[in-house]
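Below you'll find the structure, written out as structure tokens, and then a few comments.
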Amino acid sequence: MPSKHIKASDFPLLQTCLTDNKEWAERVSHENPGFFANSAKGQSPFLLWIGCADSRVPESVVLGRKPGEIFVHRNIANQFHHNDDSANAVLTYAVKNLGVQHVAIVGHTACGGCLAAHGAPKPDPKESESTALSRFLSPLIELRHSLPEGATIDDLIIANVKKTVQTVCESEVIQENWKTAKETGKQPVYVHGWLKDLSTGLIKDLDFSEGPDF
Ligand SMILES: [Zn+2]
């Protein structure tokens with residue numbers, strides 16, 4: 001079906017968002033004159049946040065950070081797949097161009113992606129997966145079936161954060177960063193695993209942090 005031009009201004013909720021944005025920008029400019037002029041010159045985030053697309057886990061809001069401090073990749077259930085060009089491109093740019101010092105993999109309680117994967121049967125390799133969503137969830141379903149019988153959704157959520165920490169550490173970008181750090185003495189990138197509890201708003205360090213072994 002072809003598309004046709006419409007007006008965003010016909011939708012009151014979107015208009016409210018734009019009005020709120022104007023008020024926010026005016027408030028920030030008032031409190032910190034020059035903030036946006038400096039921001040327009042460039043960014044130097046210290047952290048790459050790989051989190052879930054869930055609307056309840058907005059990284060800069062929940063960490064109390066300003067624009068420019070956190071580089072972000074969010075997808076269904078905070079996953080990192082070696083064949084995912086989008087995730088790999090973000091990691092590459094964050095590490096090589098922006099020089100982030102830390103990567104945080106952030107899961108959250110009641111994650112819809114993990115809930116779906118927890119209840120799904122093991123994928124049949126003979127059946128071709130039919131949607132982008134089912135293909136993207138497939139590794140999560142595999143992970144669910146690798147856990148012991150009786151594993152809960154919370155077990156899967158935590159196992160998924162742990163697995164993503166490992167997958168990011170095994171990526172070409174991080175491996176190359178660690179090799180360079182060893183050769184040059186530069187500070188390497190560190191990878192961490194966190195969990196946000198939606199019922200309290202608090203983020204817990206899962207103690208899955210990894211750095212190079214040298
Ligand atoms: Zn989620």
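The numbering of the sequence shown is UniProt numbering, which starts it at 1 and goes up by one. Virtual Cβ for every residue (Gly too), placed ideally from N, Cα, C.
Beta-bridge partners of Leu-18, as assigned by DSSP | Within the sequence shown, numbered from 1, the residue matching residue 18 stands at position 18. Leu-18 has no beta-bridge partner at all, per DSSP.
Could you check the C-alpha separation between Gly-42 and Ala-87 for me, to the nearest Å?
-> Here residue 42 refers to the residue found at position 42 when the sequence shown is read from its first residue. Here residue 87 refers to the residue found at position 87 when the sequence shown is read from its first residue. Straight-line measurement puts the Cα of Ala-87 at about 22 Å from the Cα of Gly-42.
Going by the CB atoms, is the gap between Lys-163 and residue 297 shorter than 9 Å?
-> It is not possible to answer for residue 297, since the shown part of the chain is limited to 1 through 214.
In the DSSP assignment, find the beta strand (DSSP E) that holds Asp-54 and state where it starts and stops.
-> Counting from 1 along the sequence shown, the entry for residue 54 is found at position 54. Element bounds for Asp-54: n/a, residue is neither H nor E.
Measure from the alpha carbon of Ile-105 to the alpha carbon of each residue in Phe-11, Ala-25, Ile-70, Ser-44, then state which is nearest.
-> Here residue 105 refers to the residue found at position 105 of the sequence shown. The option with the nearest alpha carbon to Ile-105 is Ile-70.
Assigned secondary structure, Asp-213 (DSSP; H/G/I helix, E/B strand, else coil) = Along the sequence shown, read from residue 1 onward, the residue named residue 213 stands at position 213. In the three-state reduction of the DSSP assignment, Asp-213 falls in the coil class.
Taking DSSP as the reference, what is the three-state secondary structure of Lys-7?
-> For the purposes of this step, residue 7 is identified with residue 7 of the sequence shown, where counting begins at 1. Of the three classes helix, strand and coil, the one that applies to Lys-7 here is coil, per DSSP.
Can you tell me whether Ala-117 is buried or exposed, with buried defined as 16 or more other CB within 10 angstroms of its CB?
-> In the sequence shown, the residue the question calls residue 117 occupies position 117. Under the 10 Å beta carbon count, Ala-117 is surrounded by 16 or more other beta carbons and is classified as buried.
Cβ neighbour criterion (16 or more within 10 Å) applied to Val-173 = Here residue 173 refers to the residue found at position 173 when the sequence shown is read from its first residue. By the 10 Å Cβ count, Val-173 comes out buried.
Indicate whether Ile-76 and Gly-113 have their beta-carbon atoms separated by less than 9 Å.
-> Along the sequence shown, read from residue 1 onward, the residue named residue 76 stands at position 76. Along the sequence shown, read from residue 1 onward, the residue named residue 113 stands at position 113. Gly-113 is positioned such that its CB atom lies closer than 9 Å to that of Ile-76.
Starting from the Cα of Asn-177, find the closest Cα among Leu-98, Phe-35, Phe-11, His-73 and give me that residue.
-> As a position in the sequence shown, residue 177 is number 177, starting the count at 1. For the options Leu-98, Phe-35, Phe-11, His-73, the alpha carbon positioned closest to that of Asn-177 is the one of Leu-98.
In terms of residue numbering, what span does the beta strand (DSSP E) encompassing Gly-107 cover?
-> Start at 1 with the first residue of the sequence shown, and residue 107 comes out as number 107. Counting along the chain, the beta strand (DSSP E) containing Gly-107 begins and ends at 102-108.
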